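The sequence shown begins at 31 in our numbering and counts up by one.
Take a look at the structure set out below.
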Amino acid sequence: MLGGRPLREPIAHYGPFLMNSREQIIQAVEDYNAGRMGRVPVLEHRGGAENSHGTGANSHGTGANSSHGTGTTAG
Numbered sequence: 031m032l033g034g035r036p037l038r039e040p041i042a043h044y045g046p047f048l049m050n051s052r053e054q055i056i057q058a059v060e061d062y063n064a065g066r067m068g069r070v071p072v073l074e075h076r077g078g079a080e081n082s083h084g085t086g087a088n089s090h091g092t093g094a095n096s097s098h099g100t101g102t103t104a105g
């Protein structure tokens with residue numbers, strides 16, 4: 031949940047699921063496990079191995095947009 035006006039409703043949560051009751055949580059988990067919630071396509075890395083191993087943009091190492099490196103954002 032990101033934020034907003036209070037709903038003044040009961041809240042039940044489990045992992046990423048946020049509903050109004052335990053029963054709704056159970057149904058949501060069942061729906062998810064059965065594949066009834068759709069899918070978000072996985073973005074593939076462009077630019078070869080450099081971008082997926084530590085030096086390019088959107089990498090896991092030192093490139094731009096790295097979450098744990100020292101890169102800078104290109105402008």
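Each residue gets a CB set at the ideal place from its N, CA and C atoms; glycine is no exception.
Values in this document were obtained by computation on a predicted structure and should not be read as measured data.
By a C-beta neighbour count over all protein chains shown, 10 Å radius and 16 as the cutoff for buried, is residue i buried or exposed?
i: Ala58; result: buried
Check whether the Cβ atoms of residue i and residue j sit closer than 8 Å, and answer yes or no.
i: Pro40; j: Ser51; result: yes
i: Ala42; j: Gln54; result: yes
Kindly indicate if chain C contains any beta-carbon less than 8 Å away from that of residue i.
i: Glu39; result: Given the protein chain composition of this structure (a single chain), no chain C is represented.
Sorted by chain position, which residues of the same chain lie with C-beta nearer than 7 Å to residue i's C-beta, five sequence neighbours on each side aside?
i: Met67; result: Asp61
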